[in-house]
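Notes for the one structure printed next.
Protein chains: 4
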Amino acid sequence: MTIKRLEAFSDGVFAVAITLLVLDLRVPDPEQLHGSLAHALGLEWPSYAAYAVSFLVIGIIWVNHHAVMDLMARANRQLAFINLITLMTVVLIPFATALMAKYLRHANADAHFGAAVYSAVMLAMGASFGGLWTYGAHVGKLIVPGFTEEELRRITRRFTAGTPLYVVALGVAFVSAPACLALHAALALFYALSERGVGMTRPAAAGDRPS
Amino acid sequence: MTIKRLEAFSDGVFAVAITLLVLDLRVPDPEQLHGSLAHALGLEWPSYAAYAVSFLVIGIIWVNHHAVMDLMARANRQLAFINLITLMTVVLIPFATALMAKYLRHANADAHFGAAVYSAVMLAMGASFGGLWTYGAHVGKLIVPGFTEEELRRITRRFTAGTPLYVVALGVAFVSAPACLALHAALALFYALSERGVGMTRPAAAGDRPS
Amino acid sequence: MTIKRLEAFSDGVFAVAITLLVLDLRVPDPEQLHGSLAHALGLEWPSYAAYAVSFLVIGIIWVNHHAVMDLMARANRQLAFINLITLMTVVLIPFATALMAKYLRHANADAHFGAAVYSAVMLAMGASFGGLWTYGAHVGKLIVPGFTEEELRRITRRFTAGTPLYVVALGVAFVSAPACLALHAALALFYALSERGVGMTRPAAAGDRPS
Amino acid sequence: MTIKRLEAFSDGVFAVAITLLVLDLRVPDPEQLHGSLAHALGLEWPSYAAYAVSFLVIGIIWVNHHAVMDLMARANRQLAFINLITLMTVVLIPFATALMAKYLRHANADAHFGAAVYSAVMLAMGASFGGLWTYGAHVGKLIVPGFTEEELRRITRRFTAGTPLYVVALGVAFVSAPACLALHAALALFYALSERGVGMTRPAAAGDRPS
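Here's what the structure looks like:
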């Protein structure tokens with residue numbers, strides 16, 4: 000088991016999970032339509048909003064996943080296990096997306112619960128992703144050599160920053176489901192576009208792993 | 000994040016999205032069949048036509064996506080983001096295909112609206128794909144060196160030609176849904192077979208990117 | 000567009016299509032169960048038989064697809080187009096499998112028609128696959144150099160042998176749907192296990208393509 | 000057909016199959032909800048438990064599949080065929096998971112039968128996976144040179160250890176479906192975390208295969 004293999008398999012899972020999001024978008028049954036198709040689709044706006052947010056989220060995790068893997072010099076059994084747990088949470092996202100979207104307009108306790116499940120899945124994903132980096136960098140000592148303490152701290156902050164924010168989103172879910180979705184959208188856009196959110200380059204000081 | 004990684008992930012999404020089109024083809028329930036199975040399937044002709052057209056379209060985008068990526072010397076955060084938006088529109092295609100097909104035979108405002116949604120998704124796809132090239136070539140200056148101004152203009156014309164045609168298709172949707180589907184079919188066949196539609200080779204003048 | 004890219008994309012489509020076959024296996028609704036679960040699943044035997052046959056068929060096409068691609072020195076637009084048509088027929092297989100399986104036990108004209116659609120999809124797949132080889136070897140002259148006329152004839156026979164057999168299966172469909180499925184099973188096993196059915200090695204005389 | 004190709008295709012199938020597990024998680028229909036959404040999801044606990052177990056199982060098979068393939072110096076037709084049969088059992092796992100989960104709470108003969116089908120699919124998977132190694136190492140003599148008899152025996156024990164355990168699980172299914180699921184969970188965790196369960200490294204003595 001090499002890092003390369005782990006990455007290739009994870010890439011496949013990310014690609015399938017992000018594409019399965021489209022299955023959450025339902026075509027209304029012509030025979031059950033009340034009013035026009037445009038009206039029926041308009042009522043489904045939470046599905047489209049949730050689709051866009053979850054698509055961004057999975058895209059961002061994928062980029063960050065590569066950034067983490069790229070810093071590992073080698074893999075071991077524990078890293079492969081934590082990676083599998085991370086993928087298990089990523090694959091839950093299409094389910095959590097459909098759940099939140101279907102109940103969002105109900106504006107009752109079920110809507111709150113749906114948004115809370117969505118936030119909980121994101122939290123589990125963020126936490127296991129943070130665990131992937133923390134294990135590789137600090138516990139298993141699997142990273143490429145050459146990082147300073149300061150660099151390690153900076154990267155650790157970046158890859159674990161999501162977790163407390165998802166705790167906040169989980170709290171917001173119980174106040175307002177649409178506000179919770181909007182918060183997830185804002186987080187995703189911030190991560191997608193900000194320099195701090197996504198790692199694209201390798202610290203220059205880091206040694207190369209044999210590829 | 001390298002161009003190679005971006006391509007491999009995008010390839011996975013294209014392959015899954017094109018294959019999910021088959022889920023739009025429904026097997027009639029034997030207990031709800033009025034008349035013969037052949038008759039019931041015959042009524043589903045819009046699904047088969049839309050399947051073929053969307054399959055061609057995704058296949059063509061995939062080829063053109065490679066042609067664009069192949070001209071990029073490197074990636075950055077912005078390119079990765081525009082690429083994610085492009086994939087987000089590609090993954091919508093199976094949904095838009097099912098929507099158009101299910102309402103096509105109704106020959107009413109809903110049929111027009113379904114065809115308009117399909118055309119709008121194609122337009123969004125064409126526009127974000129054009130944006131991918133435009134950003135990479137003109138804004139982010141990420142392309143391989145060695146192109147003349149004239150070559151750049153020619154390639155830009157090729158990769159942004161789809162957008163105005165999809166605007167026309169969007170207009171036709173409100174006149175006739177079957178005519179709109181036929182127009183998409185004609186566009187796809189033209190792109191698949193014509194020299195101008197799909198780029199297979201790299202301009203000889205362009206330098207090589209380190210691979 | 001290189002042969003390698005064409006192969007990688009096709010591989011993805013084959014892998015997704017073969018896995019989507021599992022979606023044709025339905026879990027009976029506990030509340031609609033007449034009798035035991037074992038009995039209900041027993042009635043679904045055509046789905047399991049069709050799953051196994053279609054899985055073998057897609058596996059075999061995949062192997063043969065590689066054998067063909069491995070003999071091509073380069074790709075062009077036409078080859079990419081024929082390849083896309085071939086993939087379009089492969090992706091139809093999960094739909095055709097579900098259709099045949101759902102009507103097989105009805106033992107009426109609909110069962111015959113379902114088996115005929117399945118055979119027609121196989122025929123289209125076999126014909127476009129044969130076209131892929133024929134175009135590459137004889138029309139587009141894309142194959143690696145070094146084949147003798149005799150070798151070319153032998154390979155052509157092998158890669159186009161399926162088409163007449165699928166015509167026979169299409170005829171059998173109108174006599175008996177189970178016999179038609181049994182014939183497809185026999186063909187798949189023959190192809191999977193016989194030396195003549197599947198090409199694993201490259202003729203020694205053939206030159207190497209630059210990889 | 001090379002080992003590398005066989006691995007890449009198998010990787011794709013593993014990635015799709017593991018991700019399709021999410022389709023077994025159903026979003027309750029708001030209009031059919033008795034009580035709260037939280038209550039309705041709580042009743043679905045067997046689906047979540049089965050999802051986690053099956054995700055681990057497919058992840059482990061994937062790791063072990065690489066370990067086996069990594070020890071093969073070359074492929075032949077028979078190995079490709081046994082590999083296809085192994086993939087056929089892996090792709091059945093999402094179906095078997097949904098089946099077991101849907102009937103688990105019924106606590107009757109159907110629950111036992113569902114758990115038995117799940118165990119039987121695992122048994123078939125374990126047996127064909129054992130067959131893959133046994134054929135490659137002992138029958139087809141396809142493995143890399145340099146193994147001692149003792150090393151071969153040790154690896155054979157490891158890669159065929161699952162089969163008798165799945166026979167036990169099959170027996171437990173007829174006693175208690177939840178106990179059967181718990182046993183599968185225990186097996187998966189043992190395999191995921193124990194040194195004996197999953198092979199990550201190649202015996203040092205083994206020669207290298209040309210890559």
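Chains as they are written, first to last, in numbering that gives the first Met the number 0: chain A, 0 to 210; chain B, 0 to 210; chain C, 0 to 210; chain D, 0 to 210. Glycine is no exception: its CB is placed at the ideal position from the N, C-alpha and C atoms.
- Within the same chain, and ignoring the five residues on either side of D/Phe54 in sequence, the residues whose Cβ sits closer than 7 Å to its Cβ are Ile17 and Leu20.
- Counting along the chain, the unbroken alpha helix (DSSP H) around D/Asn82 starts and ends at Arg76 to Leu103.
- Interface residue (Cβ-Cβ distance to chain A less than 9 Å): D/Gly145 is not classified as such.
- Taking every protein chain shown into account, the CB of C/Ala114 has 16 or more other CB atoms within 10 angstroms, so this residue is buried.
- Interface residue (Cβ-Cβ distance to chain B less than 9 Å): A/Leu70 is not classified as such.
- Taking 7 Å as the upper bound on Cβ-Cβ separation, chain B lies near residues Phe8, Gly11, Val12, Val15, Ala16 and Leu19 of the segment 8-25 of chain C.
- Within the segment 103-135 of chain D, those residues whose Cβ lies closer than 7 Å to any Cβ of chain C are, in chain order, His105, Ala108, Asp109, Phe112 and Gly113.
- Counted as a single uninterrupted DSSP element, the stretch harbouring D/Leu20 is not any alpha helix (DSSP H), since DSSP gives it neither H nor E.
- If you ignore the 5 residues before and after A/Ile81, its C-beta comes within less than 6 Å of the C-beta of Gly130, Leu131 and Tyr134, all in its own chain and listed in chain order.
- Pairing B/Ala7 with A/Ile57, the inter-Cα distance amounts to about 16 Å.
- For the options C/Ser175, C/Ser9, C/Gln77 and C/Glu149, the alpha carbon positioned closest to that of C/His111 is the one of C/Ser175.
- Taking A/Thr85 as reference, the option from A/Trp61, A/Met71 and A/Leu98 with the minimal CA-CA separation is A/Trp61.
- Counted as a single uninterrupted DSSP element, the stretch harbouring C/His137 is not any alpha helix (DSSP H), since DSSP gives it neither H nor E.
- Taking C/Leu42 as the centre and dropping the five residues before and after it, the same chain places the C-beta of Arg104 closer than 8 Å to its C-beta, in chain order.
- Using a CB distance cut-off of 9 Å, D/Val62 counts as an interface residue toward chain A.
- Membership of D/Ser35 in any alpha helix (DSSP H) is not indicated, and neither H nor E is assigned to it by DSSP.
- Taking a contact to require three or more Cβ pairs closer than 8 Å, the segment 163-182 of chain D and the segment 29-38 of chain D do not qualify as touching.
- A residue is called buried when at least 16 other Cβ atoms come within 10 angstroms of its Cβ; C/His183 meets this threshold and is buried.
- With respect to chain C, the C-beta atom of D/Pro45 has no partner C-beta closer than 9 Å.
- Within 10 angstroms of the beta-carbon of A/Thr96 lie 16 or more other beta-carbons, which makes it buried.
- For A/Arg73, no chain D residue has a Cβ inside 9 Å of its Cβ, as the nearest lies near 10 Å away.
- D/Lys3 is not a Cβ neighbour of D/Pro45, given a cutoff of 9 Å.
- Taking the Cβ atoms as the reference, B/Met121 lies roughly 7 Å from B/Ala168, within the contact range of under 8 Å.
- Think of a sphere of 7 Å around the beta carbon of D/Gly58: the chain A residues whose beta carbon falls inside it are Leu83, in chain order.
- In the DSSP assignment, B/Ser46 falls within the alpha helix (DSSP H) that extends over Trp44 to Asp69.
- Relative to the Cα of A/Glu148, the nearest Cα in the group A/Gly161, A/His38, A/Ala136 and A/Asp109 belongs to A/Ala136.
- A Cβ-Cβ contact shorter than 9 Å links A/Leu186 with A/Leu164.
- The distance from the Cβ of A/Leu40 to that of A/Gly139 is about 49 Å, inconsistent with a contact at the 8 Å cut-off.
- Between D/Ala72 and D/Leu141, the C-beta spacing is below 9 Å.
- Secondary structure at B/Val120: helix, using DSSP grouped into helix, strand and coil.
- A/Arg25 carries a coil assignment under DSSP once its states are collapsed to helix, strand and coil.
- Each residue's CA atom was taken as its position, placing C/Asn75 and B/Leu192 some 11 Å apart.
- The beta carbon of A/Gly161 lies closer than 7 Å to those of Gly125 in the same chain, with the five residues before and after it left out.
- Taking the C-beta atoms as reference points, D/Val15 is found nearer than 9 Å to C/Val15.
- A residue is called buried when at least 16 other Cβ atoms come within 10 angstroms of its Cβ; D/Asn63 meets this threshold and is buried.
- Its chain contains Leu122 as the residues whose beta carbon lies nearer than 7 Å to that of C/Val166, once the 5 sequence neighbours on both sides are disregarded; these appear in chain order.
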